[in-house]
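Asks:
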């Protein structure tokens, strides 16, 4: 049983390392292939180890990058959304608000005042 837990922990840890190499725009299947496991096994391991899904971790990493771009650049929200792979900037804004509890513009204004 300890071996299974260690394997789950290792997979989850390696997944997070891959995300922070700026791979957060990739799909869960990309990470599963990199780790030589199925997408469902990846999600099971990450969920078991962290209590959160693969999608949760990818979305949060993307929002952190969006916050960085909002803080350090003058790019408008549409451009940032597009650069992060969103065709619909309004969906990006809704997701940003869902995760960070504020809109992209209010996040930017908070640091520009």
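Numbering (the numbering used here), first residue to last: 1477 to 1589.
In this text, a Cβ means the ideal position worked out from N, Cα and C, and glycines have one as well.
Model, not experiment: these values are computed from the prediction.
(1) At what residues does the alpha helix (DSSP H) containing residue 1496 begin and finish?
(2) For residue 1575, report the span of its alpha helix (DSSP H) as first-last.
(3) So for residue 1539, helix, strand or coil by DSSP?
(4) By the DSSP assignment, the alpha helix (DSSP H) with residue 1581 in it spans what residues?
(5) Determine the closest residue to residue 1585 out of 1538, 1564, 1552, 1575, with distance taken between C-alpha atoms.
(6) With distances taken from CA atoms, which of 1519, 1494, 1533, 1556 is nearest residue 1484?
(7) With distances taken between CB atoms, is the gap from residue 1511 to residue 1482 smaller than 7 Å?
(8) Taking the straight line between their C-alpha atoms, what separation do you get for residue 1566 and residue 1488?
(9) Any idea what DSSP makes of residue 1549, helix, strand or coil?
Replies: Let me lay it out:
(1) The residue you call residue 1496 lines up with position 20 of the chain shown. Run containing residue 1496: none; DSSP gives neither H nor E here.
(2) Here residue 1575 is taken as the residue at index 99 of the chain shown, counted from 1. Taken as a continuous stretch (DSSP letters only), the alpha helix (DSSP H) holding residue 1575 covers 1565-1576.
(3) One-based indexing of the chain shown puts residue 1539 at position 63. Of the three classes helix, strand and coil, the one that applies to residue 1539 here is helix, per DSSP.
(4) Taking the first residue of the chain shown as position 1, residue 1581 is located at position 105. Taken as a continuous stretch (DSSP letters only), the alpha helix (DSSP H) holding residue 1581 covers 1580-1588.
(5) The sequence position of residue 1585 within the chain shown is 109, counting from 1. For residue 1585, the closest of 1538, 1564, 1552, 1575 by C-alpha to C-alpha distance is 1552.
(6) For the purposes of this step, residue 1484 is identified with residue 8 of the chain shown, where counting begins at 1. Nearest C-alpha to residue 1484: 1519.
(7) For the purposes of this step, residue 1511 is identified with residue 35 of the chain shown, where counting begins at 1. For the purposes of this step, residue 1482 is identified with residue 6 of the chain shown, where counting begins at 1. In this structure, residue 1482 does not lie closer than 7 Å to residue 1511 by Cβ.
(8) Stepping through the chain shown from its first residue, residue 1566 is reached at position 90. Stepping through the chain shown from its first residue, residue 1488 is reached at position 12. The C-alpha of residue 1566 lies about 31 Å from the C-alpha of residue 1488.
(9) Residue 1549 sits at position 73 when you count from the first residue of the chain shown. Of the three classes helix, strand and coil, the one that applies to residue 1549 here is coil, per DSSP.
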